[in-house]
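Here is the structure we will look at, set down as structure tokens.
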Amino acid sequence: MSVAPPVRTSWTTRIREAAVGALPPEKLLPDSQPTYVASWIYVFGVASLASLVVIVGSGVILSLKGPAWWHYTSVGHFFNSIHLWAVLLFFFLMVVHLWGKYWMAAWRGGRTRVWITGAVTFLVAIPTALTGYVSQQNFDGQWIATQAKDGFNSVGVGAFFNVTNFGQMYGYHVLLLPAAVIALVIAHVLLVRRHGVVPPFRLTSERASSPAPRSENGPALSGGDGPSSGNEGART
Amino acid sequence: MLGAVFNLNRPAHVVHWHFFQMTVSNIVVIVVMLVVFALAVLLPFPGAARRRGEAS
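Taken in sequence, the protein lines are chains X and W.
Once you know that position 21 of the first sequence is 39 in the numbering used here, the rest is easy, because the numbers rise by one and skip nothing.
Once you know that position 36 of the second sequence is 72 in the numbering used here, the rest is easy, because the numbers rise by one and skip nothing.
Put into structure tokens, the structure is as follows:
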């Protein structure tokens, strides 16, 4: 009995080949990183991921127990506090990482999508947090909701995004917006793996004294202005 | 614990100067973020010099 040859038109084959071609295993899980990745700025990126894991974990517990649980039990109050402080930490760490990447011009070398996914993650995280604040089921939540209601009404979207509607805000907060944030973060990390971390700017004196170094299998590097191969620079 | 140190059961202190209005707590957080960012840029990463030496 002979084995049938693989069907080239199969959608699973096409997806697999496209995925492995775009992000081969040695790029997805590399053995080493360039020396310039040894920077505190990337620690803040990774710490942002860690805080997001805590946010999602505590959020799952809170959603499993249902609204109001965090008010009348001490354990619920504890997880509510974990959720809140992890969110504050997430924004703190993400903004420091964002500032660092902005001043490094992290979109150089064909890394536009890496930068865009990171920046959009920050923007989408804002309504994710807002819908959480208005879902608190207390006077603080009511105050924030009425203030935000005026803001949304003033730009004409208050009827579609009604911050005083607890059910709508809770749905946004526990499903739609977190799914968007998580999808963006996954895309961001995969794009970082694909394109590699942006190399630092070359000093003017270095540019004048030596030609641009060549990456292992990519074009000459001019401070990362050219297309990325994900393999730039010395590695450790 | 911090609630015993800082009385949180009261209206927040607000800095109001012309169009600018922000609570002191928010200003403190922003200043701390700027300080942490400066430290993240300026402080050497542990082992970074050794790695550069090995790679060159």
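All C-beta atoms in this analysis are idealised placements derived from N, C-alpha and C, irrespective of residue type, glycine included.
| Item | Value |
| --- | --- |
| Per the contact definition of three or more C-beta pairs closer than 8 Å, is the stretch 166-175 of chain X in contact with the stretch 95-102 of chain X? | no |
| Verify whether the separation of the beta carbon atoms of Val-181 of chain X and Leu-141 of chain X is less than 9 Å. | no |
| Using the Cα positions of Gln-160 of chain X and Val-77 of chain W, report the straight-line distance between them to the nearest angstrom. | 40 Å |
| Are Val-25 of chain W and Val-51 of chain W touching if we call contact CB-CB under 9 Å? | Beyond the ends of chain W as shown, which are 37 and 92, falls residue 25 of chain W; an answer cannot be given. |
| Rounded to the nearest angstrom, how far is the Cβ of Gly-206 of chain X from that of Thr-135 of chain X, given a contact under 8 Å? | At residue 206 of chain X the sequence reads His, which differs from the Gly that was named. That belief holds up - the Cβ atoms of His-206 of chain X and Thr-135 of chain X are roughly 4 Å apart, short of 8 Å. |
| Reducing DSSP to helix, strand and coil, say where Pro-43 of chain X ends up. | helix |
| With which residues is Thr-222 of chain X paired in a DSSP beta bridge? | In DSSP, Thr-222 of chain X forms no bridge with anything. |
| Does chain W have any CB closer than 9 Å to the CB of Ile-33 of chain X? | no |
| Looking at C-alpha atoms only, which residue of X:Val-199, X:Arg-211, X:Val-152 and X:Asp-168 is the closest neighbour of Asn-183 of chain X? | X:Val-152 |
| So if I threshold CB-CB distances at 8 Å, which residues from the stretch 46-68 of chain X count as touching chain W? | Thr-53, Ala-56, Ser-57, Trp-58, Ile-59, Val-61 and Phe-62 |
| Can you tell which of X:Gly-63, X:Val-71 and X:His-115 has the C-alpha that lies nearest to the C-alpha of Trp-103 of chain X? | X:Val-71 |
| For Tyr-90 of chain X, count neighbouring Cβ atoms within 10 angstroms of its own Cβ and tell me buried if that reaches 16, exposed if not. | exposed |
| Assuming contact is defined by CB atoms lying nearer than 9 Å, are Lys-45 of chain X and Arg-211 of chain X in contact in what I supplied? | yes |
| Helix, strand or coil: how does DSSP classify Gln-154 of chain X here? | coil |
| Any contact between the stretch 49-57 of chain X and the stretch 67-84 of chain W? By contact I mean 3 or more CB pairs, one from each, below 8 Å. | yes |
| Bridge partners of Met-58 of chain W, per DSSP? | W:Val-51 |
| Of all Cβ atoms in chain W, is any one closer than 9 Å to the Cβ of Phe-157 of chain X? | no |
| Buried or exposed for Arg-126 of chain X, going by 16 or more other Cβ atoms inside 10 Å? | buried |
| Using a C-beta to C-beta distance shorter than 8 Å, which residues of chain X count as neighbours of Ala-40 of chain W? | Near Ala-40 of chain W there are no residues of chain X at all, since even the closest Cβ is about 16 Å away, more than 8 Å. |
| With a floor of 4 residues, list each alpha helix (DSSP H) that falls wholly inside the stretch 113-166 of chain X, ordered by position along the chain. | 130-151 |
| At 7 Å on the CB atoms, spell out the chain W contacts of Phe-110 of chain X, in chain order. | Met-69 |
| Find out if the Cβ-Cβ distance for the pair Gln-155 of chain X, Ala-86 of chain X is shorter than 9 Å. | yes |
| Compare the C-beta of Phe-73 of chain W with all C-beta atoms of chain X and state if any pair is closer than 9 Å. | yes |
| Comparing C-alpha positions only, which one of X:Ala-226, X:Ser-227, X:Gly-214 and X:Ser-76 sits nearest to Pro-52 of chain X? | X:Gly-214 |
| So Val-203 of chain X and Leu-67 of chain X are supposed to be a Cβ contact under 8 Å. How far apart are they, rounded? | 7 Å |
| Can Trp-133 of chain X and Phe-73 of chain W be called in contact, C-beta distance under 9 Å? | no |
| Which same chain residues end up closer than 6 Å to Tyr-188 of chain X when comparing Cβ atoms and leaving out the 5 residues on each side of it in sequence? | Ser-153 |
| Tell me the residue span of the alpha helix (DSSP H) that contains Ala-68 of chain X. | 58-83 |
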